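Heads up, the thing below is written out as C-alpha cells.
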Amino acid sequence: ATPTAIMVGTGLGAKRGVLFKNAMALEVSARIDVVVMDKTGTLTKGEPEVTDVIADGFAEAELLRIVAVVERESEHPLAEAIVRRAGDLDGARAERFENVPGHGAIAHVNGRRVVVGNRRLLEREGIDLGSLAARRDELAATGRTAVLAAVDGVAVGVFGIADALRETSVAAVEALHDLGVEVVMLTGDNQATAERIASRLGIDTVIAEVLPGDKAAKVAELQRSGLKVAMVGDGVNDAPALAQADLGIAIGAGTDVAIETADVVLMRSDPLDVPTALRIGRGTVRKMR
Ligand code: ADP
Ligand code: MG
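Just so you know, we're using the numbering used here here: the sequence shown kicks off at 74 and counts up by one.
Rendered as C-alpha cells:
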C-alpha cells in the first residue's frame, strides 16, 4: 500500500464520518465478500416501542406493572420499552432478579415469580404458552418482537414490540448488492420476526435466535467457507463478532466496546456508510497497483 493512497482513502472516509482505524482496515475493505449485519440498533433504530399488550387472566395495567417491575432491573432495550410503557411504578420492587442473556429475566414481585422473555425462556421454565402462542405468532408475522410473560408458572401475557428501520437500511442493502457483496442478517431475535424484517430490507439470508456468545462463531463459520467477512454491529453482544470478522464495523451511536473493537467506525450511524466504506477501500487498493 502506498502511504499516499492510504492517506487519501483515510481522508475521504473522514469527510463522510467513516473512520478507518488503520491501513489494514482500508485494504481489507476492498476484499469483502459478505457483510453480516446485526439487526437491532444497526438496521433498526434500536428504539423499541411497545405496540401491543395482550393480557390473559390479568388486567392489562396490572400485567404491565408486574412485568415492568422486573424489567426495570434489566438493561436490555426491550426491557426499557416495557418500563417506559408502564409509566409510574411507585414502590413495587423486584426480588431475586436474574438476568438470562439471550432469553430474558426472572424475578419475584410481591411473592410471585415473574418470568419475562422469549419462547426459549418459557420452554426452559416448562411453561406452556397455551392460547397465547397464536398471538405471539401473529405479532412475529408482522415483524414485531413478542415478549412473553408468565406469573407463577402460567403464561399470562404477550407484548408486541416494534423497532423502526433506519431510513437508509433498504438503500444500504441495495448498494451492497450492487457492489456484488452478499448481505446476511444476524440477530438474537426470533426467526419469524427476523425473516419479516429481512424481507422488507431485501436481505435473503437470516441467522436468527443466536445466543449472545454465539455471534462470533457464526461469523467464523462463514469465514471457514473461504469468504472475507465484514461484521456491522452496535452492541456489547456484537464485540466478539466484530473482533472475529475480517473487518469489524461499529455504528457510531453504539456501545463503547463495539467502537473500541471495530476496525471502522461509522460516526453518522448511517447504514449507507457501509457500502461507502467498501467503495473507499476498493478505490484505495486500485490506486496502490
Ligand atoms: P438481540 O439484541 O439481537 O435481540 P439479545 O441476545 O439481546 O439479542 O436478545 C435475544 C432475545 O432474548 C430478544 O430478542 C428477546 O426475545 C429476549 N430477551 C433478552 N433479554 C430480554 C429482556 N430483558 N426482556 C425480554 N426479552 C428479552
Ligand atoms: Mg444491536
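Glycine included, C-beta positions come from ideal geometry on N, C-alpha and C.
Source: prediction; values computed, not measured.
For A178, the Cβ falls inside the 7 Å cut-off from some heavy atom of the ligand ADP.
Around the CB of P76, fewer than 16 other CB atoms lie within 10 Å, so the residue is classed as exposed. For D287, the shortest separation between its Cβ and any heavy atom of the ligand MG does not lie below 7 Å.
If you measure from each CB to the nearest heavy atom of the ligand MG, the residues under 7 Å come out as D111, K112, T113, G114, T115, G119, G306, D307, G308, N310, D311. Annotation: H181 is outside any alpha helix (DSSP H); the continuous beta strand (DSSP E) that includes it extends over 177-182. Around the CB of P348, 16 or more other CB atoms lie within 10 Å, so the residue is classed as buried.
About 7 Å separates the beta carbons of L295 and V109, which is inside the 8 Å limit, making them a contact pair.
For V337 against A87, the beta-carbon gap comes to about 11 Å, at or over 8 Å, which does not count as contact. Within the stretch 291-336, the complete alpha helix (DSSP H) segments of 4 residues or longer fall at 312-317, 329-334, listed in chain order.
Judged by DSSP in its simplified three-state form, D125 adopts strand.
Taking 7 Å as the cut-off, the C-beta of H250 does not count as close to any heavy atom of the ligand ADP. In the DSSP assignment, N172 forms a beta bridge with A178. Segment contact: the stretch 221-228 against the stretch 238-250, fewer than three CB-CB distances shorter than 8 Å; contact not assigned. Between the C-alpha atoms of D111 and Q317 there is a straight-line separation of about 14 Å. If you check the CB distance, G114 and I280 do not come in under 8 Å. Take the alpha-carbon of I234 and the one of R209: they are about 11 Å apart. In the same chain as A214, and ignoring 5 residues on each side of it, the C-beta atoms closer than 8 Å to its own belong to A265, R269, in chain order. A heavy atom of the ligand ADP is found nearer than 7 Å to the CB of H149. Cβ contact annotation for V188 (same chain, cutoff 6 Å, sequence separation greater than five): I179, E198, A223, in chain order. In terms of CA proximity to E240, D343 leads the group D343, R355, G354, L136.
Going by C-alpha positions, A159 is about 16 Å away from E120. A straight line joining the alpha-carbon of L320 with that of E211 spans about 37 Å.
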